[in-house]
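S.K.: Just passing along the structure, written as structure tokens.
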Amino acid sequence: METDYAVARFLKRDIIARYEIPATIITDNAKNLNNKFINELCAQFKIQHRNSSPYHPQMNGAVEATNKNIKRIIEKMMVNYKDWHEMLPFTLLAYRTSIRTSTGATPYSLVYGTEAVLPV
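Residue numbering for the sequence shown follows full-length UniProt numbering, starting at 1 and increasing by one per position.
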């Protein structure tokens with residue numbers, strides 16, 4: 001129950017309050033993403049909540065491709081498989097500041113309207 005509430009709280013505090021109210025949220029069928037707290041949040045902000053097809057990750061093609069890229073970056077940065085979670089923030093920074101061929105821009109610049117300042 002606490003995890004269910006934590007996801008809704010994260011969406012409200014870290015997504016909606018920081019960026020904007022999304023028109024649609026697409027999730028898998030996990031219980032922590034489909035519960036009364038998420039339903040109430042979606043109703044409160046008039047967000048359409050859709051679920052991907054169960055047991056068919058190919059339906060989330062863009063997400064699966066992103067996960068594959070992030071996994072590849074983590075594997076290159078890891079010294080020990082047990083420390084992967086320590087490298088995740090740096091992996092995400094690398095991903096967010098790399099130009100995507102589909103957009104010709106970095107995810108960071110698309111969100112913030114400017115490029116990230118990085119040490120050279």
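Yeah, the Cβ is synthetic: ideal placement off N, Cα and C, and Gly gets one too.
Jot down the residue ranges of each uninterrupted alpha helix (DSSP H) in the stretch 3-56, minimum 4 residues, whole runs only, in chain order.
M.R.: Taking only runs of at least 4 residues, the alpha helix (DSSP H) segments lying wholly in the stretch 3-56 are 36-45.
S.K.: For Ile-74 and Thr-101, what's the separation of their Cα atoms in angstroms?
M.R.: To locate residue 74, count along the sequence shown from 1; it is residue 74. To locate residue 101, count along the sequence shown from 1; it is residue 101. Going from the Cα of Ile-74 to the Cα of Thr-101 covers about 20 Å.
S.K.: Checking the sheet assignment: what are the DSSP bridge partners for Ala-105?
M.R.: Taking the first residue of the sequence shown as position 1, residue 105 is located at position 105. Arg-100.
S.K.: Please work out which residues of its chain come closer than 8 Å, Cβ to Cβ, to Glu-40, disregarding the five sequence neighbours upstream and downstream, and give them in chain order.
M.R.: Numbered from its first residue, the sequence shown carries residue 40 at position 40. Once the five neighbours on either side are set aside, the close Cβ partners of Glu-40 are Ala-8.
S.K.: Since Asp-14 contacts Asn-35 with CB under 8 Å, what's their CB separation in whole angstroms?
M.R.: For the purposes of this step, residue 14 is taken as the residue at position 14 of the sequence shown. For the purposes of this step, residue 35 is taken as the residue at position 35 of the sequence shown. With 8 Å as the limit, Asp-14 and Asn-35 do not qualify as a contact, their Cβ atoms being about 18 Å apart.
S.K.: Closer than 8 Å by C-beta to Leu-11: which residues in its own chain qualify, once you throw out the five before and the five after it? Chain order, please.
M.R.: To locate residue 11, count along the sequence shown from 1; it is residue 11. Result list for Leu-11: Ile-25, Ile-38 and Leu-41, in chain order.
S.K.: If you count every other CB in all the chains shown that lies within 10 Å of the CB of Thr-91, and 16 or more means buried, which is it?
M.R.: The count along the sequence shown starts at 1 and reaches residue 91 at position 91. So Thr-91 ends up on the buried side.
S.K.: So, Asn-69 versus Tyr-108, is the Cβ gap smaller than 8 Å?
M.R.: Mapped onto the sequence shown, residue 69 falls at position 69. Mapped onto the sequence shown, residue 108 falls at position 108. It is not a contact, given that the beta carbons lie outside the stated cut-off.
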